[in-house]
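Counting in numbering that gives the first Met the number 0, the sequence shown runs from 0 upward without gaps. A short write-up of the structure that comes next.
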Amino acid sequence: MLKRNYAKTFNGIKARTMAKVAAVTVLQYINYLNGRPINHIKHALVTDFNR
Numbered sequence: 000m001l002k003r004n005y006a007k008t009f010n011g012i013k014a015r016t017m018a019k020v021a022a023v024t025v026l027q028y029i030n031y032l033n034g035r036p037i038n039h040i041k042h043a044l045v046t047d048f049n050r
């Protein structure tokens, strides 16, 4: 959630924003590796036992 921000300084805002973007990028890459739709990031770490 980029809308919530509790940083006190500009460097804090930068660090939190970069961390959030990096986290979304990692989840999209995990979906890409598993052959799932890239933008379904909420389900990136779910194990699919039906395969």
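Where a beta carbon is used, it is the ideal one built from N, C-alpha and C, also for glycine. In this text, all values refer to a predicted model and were calculated from it rather than measured experimentally.
| Asked | Found |
| --- | --- |
| Just to confirm the assignment, what range does the alpha helix (DSSP H) spanning N38 have? | No alpha helix (DSSP H) holds N38; DSSP gives it neither H nor E. |
| What is the DSSP secondary structure of R3, reduced to helix, strand or coil? | coil |
| Is Y31 closer than 8 Å to I40 when the C-beta atoms are compared? | no |
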